[in-house]
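Each position in the sequence shown, counted from 1, maps to that position plus 938 in our numbering. What follows is a single structure, written as structure tokens, with notes after it.
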Amino acid sequence: MATSKVLAGAQVVLPTGIVPGGRVLVSDDGRITGSPPANAETIDLTGHWLVPGFVDIHNHGGGGASFTSGTAEDILHGVHTHRLHGTTTTVASTVTGEMDVLAQRAGLLSELAEQGDIAGVHFEGPFISPCRKGAHSEALLRDPDPADVRKLIDAARGQARMVTLATELPGGLDSVRLLAEHGVIAAIGHTDATYEQTKAAIDAGATVATHLYNAMPGLGHRAPGPIAALLEDERITVELINDGTHLHPASFELAFHHAGADRVALITDAMDAAGFGDGTYHLGPLEVEVKDGVARLAEGGSIAGSTLTLDRAFKRSVTVDGLPVEDVVAAISANPAKLLGMYDRIGSLEPGKDADIVVLDAEFDLKGVLRKGEWVIEP
939 MATSKVLAGA
949 QVVLPTGIVP
959 GGRVLVSDDG
969 RITGSPPANA
979 ETIDLTGHWL
989 VPGFVDIHNH
999 GGGGASFTSG
1009 TAEDILHGVH
1019 THRLHGTTTT
1029 VASTVTGEMD
1039 VLAQRAGLLS
1049 ELAEQGDIAG
1059 VHFEGPFISP
1069 CRKGAHSEAL
1079 LRDPDPADVR
1089 KLIDAARGQA
1099 RMVTLATELP
1109 GGLDSVRLLA
1119 EHGVIAAIGH
1129 TDATYEQTKA
1139 AIDAGATVAT
1149 HLYNAMPGLG
1159 HRAPGPIAAL
1169 LEDERITVEL
1179 INDGTHLHPA
1189 SFELAFHHAG
1199 ADRVALITDA
1209 MDAAGFGDGT
1219 YHLGPLEVEV
1229 KDGVARLAEG
1239 GSIAGSTLTL
1249 DRAFKRSVTV
1259 DGLPVEDVVA
1269 AISANPAKLL
1279 GMYDRIGSLE
1289 PGKDADIVVL
1299 DAEFDLKGVL
1309 RKGEWVIEP
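Structure representation (structure tokens):
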């Protein structure tokens, strides 16, 4: 059971702006409250920042544990690893596999979502382009037949949050419409689509760009491709992996400034090695070598997810890219919470919401994590 707390003296980032020397009141039911709770412990956080807990909508694992193949205990270990880095809400992402295997995995993940351990399931593959497969097994790819897409949605028992598709493939637009009808995010990614095909998918109901730039054609001056279509359309939220490996800083900044802070979701696309270390891992059936924190397929050398944690993405966005703190908070907390339909509970520091709070020092290094009013890391 959480105890009531007053977090005082920090710079508090609210939806309305930054409050210097502010305070956040936490009640013993694990929620932010607007009035001083009885018998509260006051914690002096002068010189620190208070920001909402991070929300990761694209994450395959961490701490040596895989969301794509591990046991329930493994998954919980991976989730806890990311909580230690400020991610208080995690959507578990799968990778391409046999349909029956993915349906079975969806069943396990949905149980954890029903318990509140994760925020749902993201299916990345198998409905993606062999031309842009990245770290997915080409032998297991298939066209996005709506019947197959429906099979995975049903297997997730109401916990499917997002499906990444190459919407130019046969059945792609019908699958986008199906997902929209069922309240599941249709994300355009691992795609070889043209500009025009991408616009058609957005009109059909797609609302997210899966790790923009990565696993899609580059921006061309005569063939602008999916990147231009995704960046220019206000209906699209673009995922960005800000680890310094997936994107050149200029590409990151171009996307952030063109889309605007309200249309970016910072993600990790993390795999098992996040928060764990270099070595040999597996992403689905494919072997991955992690060296100096960069994950690549052992065969072919394609980037295979990341070892990123969202505290590092936050710090890099502010200190390297020079983004305003409130814009980074929008991209790492509020926007993904809104995409998930959970902004009434998480994503900002407002009374009535879960007390999911990250404490950062003046250099934006993580010093504390509060989840539903209980310390994961006590500052």
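Beta carbons are placed, not taken as given, at the ideal position from N, Cα and C, and that holds for glycine.
Unbroken alpha helix (DSSP H) run spanning residue i, endpoints
i: R1021; result: A1010 to R1021
i: Q1135; result: Y1133 to A1142
i: E1288; result: Premise fails: E1288 is in no alpha helix (DSSP H) and is neither H nor E.
i: P1274; result: N1273 to L1277
i: S1113; result: G1110 to E1119
Backbone secondary structure at residue i - three-state DSSP
i: F1252; result: helix
i: R1160; result: coil
i: I1165; result: helix
i: I1270; result: helix
i: I1091; result: helix
i: A1188; result: helix
i: E1301; result: coil
i: T1129; result: coil
i: E1264; result: helix
i: T1257; result: helix
i: P953; result: coil
i: A1085; result: helix
Segment limits, beta strand (DSSP E) that includes residue i
i: A1124; result: I1123 to I1126
i: M1100; result: A1098 to L1103
i: G1217; result: G1217 to L1221
i: E1052; result: E1052 -> not in any beta strand (DSSP E); alpha helix (DSSP H) instead, spanning M1037 to E1052.
i: L1078; result: Note, L1078: premise wrong, no beta strand (DSSP E); not H, not E.
i: S1031; result: T1025 to T1032
i: H998; result: Note, H998: premise wrong, no beta strand (DSSP E); not H, not E.
i: A1233; result: V1232 to L1235
i: E1321; result: With the chain covering only 939 through 1317, there is no way to say anything about residue 1321.
Residues near residue i in its chain [Cβ-Cβ closer than 6 Å; skip 5 each side]
i: D1265; result: A1199
i: A940; result: D966, G968, G1311 and E1312
i: G985; result: A1300
i: A1094; result: A1044, S1048 and V1059
i: V1314; result: R1021 and V1307
i: S1286; result: P953, P990 and A1272
Strand pairing of residue i, partner residues [DSSP]
i: K943; result: V964 and E979
i: F1194; result: DSSP, once it has assigned bridges, lists no residue as partnering F1194.
i: P990; result: I1295
i: E1177; result: A1203
i: E1062; result: T1102
i: E1172; result: According to DSSP, which records beta bridges pairwise, E1172 is partnered with nothing at all.
i: A1208; result: N997 and S1244
i: G1306; result: V1297
i: E1227; result: T1218 and R1234
i: A948; result: G960
i: I970; result: V964
i: A1153; result: Answer is none; A1153 lacks a bridge partner.
i: S1004; result: G999
i: A1147; result: I1126 and V1176
Close Cβ partners of residue i (< 7 Å) along its chain, the five nearest in sequence each way excluded
i: V1017; result: T1028, D1055 and I1056
i: P1084; result: G1109, D1112, S1113 and L1116
i: A1124; result: V1101, L1103, V1114, L1117, A1118, G1143, A1144 and T1145
i: A1269; result: A1199, V1202, A1203 and L1204
i: R1309; result: G991, R1021, T1026 and D1294
i: G1182; result: R1254
i: K1089; result: M1037 and A1041
i: P1223; result: S1075
8 Å Cβ shell around residue i - same chain, five flanking residues per side excluded
i: D1259; result: N1180, P1187, F1190, E1191 and F1194
i: I981; result: K943, V944, L945, A946 and P1317
i: R1201; result: E1172, I1174, T1175, V1176 and N1273
i: E1052; result: R1095 and Q1097
Any non-hydrogen atom of the ligand FMN closer than 7 Å to residue i Cβ
i: A1242; result: Summarising the ligand content, the structure contains no ligands, and the ligand FMN is consequently not present.
Do the segment 1244 to 1254 and the segment 988 to 1001 touch if we need at least three Cβ pairs shorter than 8 Å? yes
Are the segment 1149 to 1163 and the segment 1066 to 1086 touching by the rule of at least three beta carbon pairs closer than 8 Å? yes
Three or more C-beta pairs closer than 8 Å, one from the segment 990 to 1004 and one from the segment 1199 to 1214: is that the case here? yes
Check whether the segment 1131 to 1150 touches the segment 1222 to 1236, counting contact only when three or more Cβ pairs, one atom from each stretch, lie closer than 8 Å. no
Using 8 Å as the threshold, is the segment 1025 to 1042 in touch with the segment 1160 to 1170, meaning 3 or more CB pairs across them? no
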